[in-house]
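J.: Under the working numbering, think of the first position of the sequence shown as 5, with each following residue one higher.
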Amino acid sequence: MMDGVYKKVTEEMIELRRDFHQYPELSFEEERTSKKVAEYLRACGLKVREHVNGYGVTADLIVDEAEPMIAFRADMDALPIQEETDLPFASQIPGVMHACGHDGHTAILLGVAKLLSFQKERLKGNVRFIFQPAEEINPGGAKGMIQEGVLEGVEAIFGLHLWSELPSGTFRTCYGPMMAAADRFIIEIEGKGGHGGMPHKTIDSIVLASHLVMASQQIISRQIDPLEAGVITFGKFSSGTAFNIIANKAVLEGTVRSFLPEIRETLYKKLEELTTGFANMYGAKIHLDYQYGYPPVENHKNEVDFILETAAKVFGRNNTGIMKPNMAGEDFSYYLKEIPGAFCFVGAQVPNKPVYPHHHPRFQIDESVLPKAAQWFCQLAFDYFDRKKELK
Numbered sequence: 005m006m007d008g009v010y011k012k013v014t015e016e017m018i019e020l021r022r023d024f025h026q027y028p029e030l031s032f033e034e035e036r037t038s039k040k041v042a043e044y045l046r047a048c049g050l051k052v053r054e055h056v057n058g059y060g061v062t063a064d065l066i067v068d069e070a071e072p073m074i075a076f077r078a079d080m081d082a083l084p085i086q087e088e089t090d091l092p093f094a095s096q097i098p099g100v101m102h103a104c105g106h107d108g109h110t111a112i113l114l115g116v117a118k119l120l121s122f123q124k125e126r127l128k129g130n131v132r133f134i135f136q137p138a139e140e141i142n143p144g145g146a147k148g149m150i151q152e153g154v155l156e157g158v159e160a161i162f163g164l165h166l167w168s169e170l171p172s173g174t175f176r177t178c179y180g181p182m183m184a185a186a187d188r189f190i191i192e193i194e195g196k197g198g199h200g201g202m203p204h205k206t207i208d209s210i211v212l213a214s215h216l217v218m219a220s221q222q223i224i225s226r227q228i229d230p231l232e233a234g235v236i237t238f239g240k241f242s243s244g245t246a247f248n249i250i251a252n253k254a255v256l257e258g259t260v261r262s263f264l265p266e267i268r269e270t271l272y273k274k275l276e277e278l279t280t281g282f283a284n285m286y287g288a289k290i291h292l293d294y295q296y297g298y299p300p301v302e303n304h305k306n307e308v309d310f311i312l313e314t315a316a317k318v319f320g321r322n323n324t325g326i327m328k329p330n331m332a333g334e335d336f337s338y339y340l341k342e343i344p345g346a347f348c349f350v351g352a353q354v355p356n357k358p359v360y361p362h363h364h365p366r367f368q369i370d371e372s373v374l375p376k377a378a379q380w381f382c383q384l385a386f387d388y389f390d391r392k393k394e395l396k
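What follows is the structure, given as structure tokens:
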């Protein structure tokens, strides 16, 4: 019987993923997605709660109110990117794309909800499914969902991220910090504009900004321990109106990544000192707007041991292992600050095709990994409660 159910749910997961991919929604705008999620979960017979921190959805699979509960989480939002793939189910929404795999995460967790509801008699505990809005933008959706009680009664939480740069069907995690703290900054430089042929009468904001970009890299290379990790990246440089006019103003935007709190603070303070020093040196006005983003994703040791055991059963021991920490950010970190849990990557590289990174307009995932990822979540639920019973 279950073979037929697995086959049906696999087909549904792929169908759902393609639907979400065709109709992506930006952070805190996931109205259609959340409605579809809630409808599917109700059809599974679960207790559903909608409009959690906006368009968040939770669903509880209750075996016995007296038994413990764990939680699984998926994120639902897309990115402001114009898709450039040749997929037959490419985005129908101009300028919006699922370029990070969240469509796959949502489809996987819906599949898990159905599979576990069919095998409820095997479960020895309760499961909460968390479908979160707005992972992609600060302050993120996790914090608000926690404030609205999604972790109440939950003793551990687990999540995964499909990863296009890992071979399909592989499983990776790590102990302690796995993904970085992700901060944002905006630097506004106000100089003195003027004629392109008379720079001595101006304070050239473009030249100043260019020096600042280069000087900031010496914070990393000369003021941070080489054995510690830190990144300062400038992703946006806006200035100027014409080729022969020295710009009055320049705006720089970027991100700071780190794992350790002391490194995070050092990077902020050094960037602040640098902008102040440049303002004094060049006689310009410089304003630094530094915005703290997600803290690092820090896995808990016992939960990492556990997910590695369950992953070996599903993905195979040779496909399961430890990875190096990653400088991407993830607001799953907020859940792990509240309760024990672990996060992992599941390889979803499309075989025999160019590999495009996450947030790229040609990003793709291998859909064949969806049922395997769902199977792992199910195995995790069965093993978690079985182990608790054995320990008692």
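Yeah, the Cβ is synthetic: ideal placement off N, Cα and C, and Gly gets one too.
May I ask which residues mark the beginning and end of the beta strand (DSSP E) holding residue 54?
T.: Taking the first residue of the sequence shown as 1, we reach residue 54 at position 50. Residues 51–56.
J.: Whose C-alpha, out of 254, 177, 349 and 188, is nearest the C-alpha of residue 197?
T.: For the purposes of this step, residue 197 is taken as residue 193 along the sequence shown, with counting starting at 1. That would be 254, whose Cα lies nearest to the Cα of residue 197.
J.: Starting from residue 349, trace the alpha helix (DSSP H) in both directions and tell me its first and last residue.
T.: Against the sequence shown, residue 349 aligns to sequence position 345. Premise fails: residue 349 lies in the beta strand (DSSP E), 345–353, not in any alpha helix (DSSP H).
J.: Between the segment 96–112 and the segment 70–88, do three or more beta carbon pairs fall short of 8 angstroms?
T.: Contact holds: three or more Cβ-Cβ distances are below 8 angstroms.
J.: Go ahead and pull the three-state DSSP assignment for residue 205.
T.: Looking up residue 205 in the sequence shown gives position 201. Correct three-state label for residue 205: helix.
J.: Give, in chain order, every unbroken run of the beta strand (DSSP E) that is at least 3 residues long and sits entirely within the segment 272–336.
T.: Complete beta strand (DSSP E) runs here, min 3: 289–298, 301–303 and 324–326.
J.: Could I get the ranges of all uninterrupted alpha helix (DSSP H) runs contained in the segment 151–231, with 4 residues as the minimum, in chain order?
T.: Runs of the alpha helix (DSSP H) inside the segment 151–231: 209–227.
J.: Per the DSSP calculation, residue 256 is bridged to which residue(s)?
T.: For the purposes of this step, residue 256 is identified with residue 252 of the sequence shown, where counting begins at 1. Bridge partners of residue 256: 191 and 241.
J.: Classify residue 73 as helix, strand or coil using the three-state DSSP reduction.
T.: Start at 1 with the first residue of the sequence shown, and residue 73 comes out as number 69. Of the three classes helix, strand and coil, the one that applies to residue 73 here is strand, per DSSP.
J.: Assuming residue 307 and residue 332 make a contact with CB atoms under 8 angstroms, what is their CB distance in whole Å?
T.: The sequence position of residue 307 within the sequence shown is 303, counting from 1. The sequence position of residue 332 within the sequence shown is 328, counting from 1. About 20 angstroms; that fails the 8 angstroms criterion.
J.: How many angstroms separate the CA atom of residue 36 from the CA atom of residue 117?
T.: What you label residue 36 is simply residue 32 of the sequence shown in a count that begins at 1. What you label residue 117 is simply residue 113 of the sequence shown in a count that begins at 1. For residue 36 and residue 117, the distance between alpha carbons rounds to 19 angstroms.
J.: Within 8 angstroms, do at least three Cβ pairs link the segment 316–331 to the segment 275–294?
T.: no
J.: Count the C-beta pairs between the segment 297–306 and the segment 269–277 that are closer than 8 angstroms, then say yes if the count reaches three, no if not.
T.: no
J.: Ignore the nearest five residues each way along the sequence and tell me which others in residue 179's own chain have a CB closer than 7 angstroms to its CB.
T.: Here residue 179 refers to the residue found at position 175 when the sequence shown is read from its first residue. Same-chain partners within the cutoff: 303, 305 and 308.
J.: Comparing C-alpha positions only, which one of 177, 215, 182 and 120 sits nearest to residue 193?
T.: If you number the sequence shown from 1, residue 193 lands on position 189. Among 177, 215, 182 and 120, the Cα nearest to that of residue 193 belongs to 215.
J.: For the alpha helix (DSSP H) containing residue 145, list its first residue and its last residue.
T.: Here residue 145 refers to the residue found at position 141 when the sequence shown is read from its first residue. Where residue 145 is concerned, there is no enclosing alpha helix (DSSP H), because DSSP gives it neither an H nor an E.
J.: Distance check for residue 191 and residue 217, CA to CA, integer angstroms please.
T.: Looking up residue 217 in the sequence shown gives position 213. Looking up residue 191 in the sequence shown gives position 187. Rounded to whole angstroms, the separation of the alpha carbons of residue 191 and residue 217 is 10 angstroms.
J.: Inspect the beta-carbon positions of residue 243 and residue 213 and report whether they are closer than 8 angstroms.
T.: Residue 243 sits at position 239 when you count from the first residue of the sequence shown. Residue 213 sits at position 209 when you count from the first residue of the sequence shown. Taking 8 angstroms as the Cβ cut-off, residue 243 and residue 213 qualify as a contacting pair.
J.: One question on the structure: do residue 365 and residue 87 come within less than 8 angstroms of each other, judged by their Cβ atoms?
T.: Position 361 of the sequence shown, counted from the start, is the residue given in the question as residue 365. Position 83 of the sequence shown, counted from the start, is the residue given in the question as residue 87. Cβ distance < 8 angstroms, so residue 365 and residue 87 count as in contact.
J.: Excluding the 5 residues preceding and the 5 following residue 159 in the sequence, name in chain order all residues of the same chain whose CB lies nearer than 8 angstroms to its CB.
T.: Position 155 of the sequence shown, counted from the first residue, corresponds to residue 159. Excluding residues within five positions, the ones whose Cβ falls inside 8 angstroms are 72, 73, 74, 343 and 344.
J.: Indicate the three-state DSSP secondary structure (helix, strand or coil) for residue 116 in the structure shown.
T.: By one-based count along the sequence shown, residue 116 stands at place 112. Helix, per DSSP.
J.: Could you tell me the distance, in whole angstroms, from the CA atom of residue 337 to the CA atom of residue 53?
T.: On the sequence shown, position 333 is the one that residue 337 refers to. On the sequence shown, position 49 is the one that residue 53 refers to. Residue 337 and residue 53 have their C-alpha atoms some 23 angstroms from each other.
J.: Mind checking residue 355: buried by the 16 CB within 10 Å criterion, or exposed?
T.: The residue given as residue 355 occupies position 351 in the sequence shown. With fewer than 16 Cβ atoms within 10 Å of its Cβ, residue 355 is classed as exposed.
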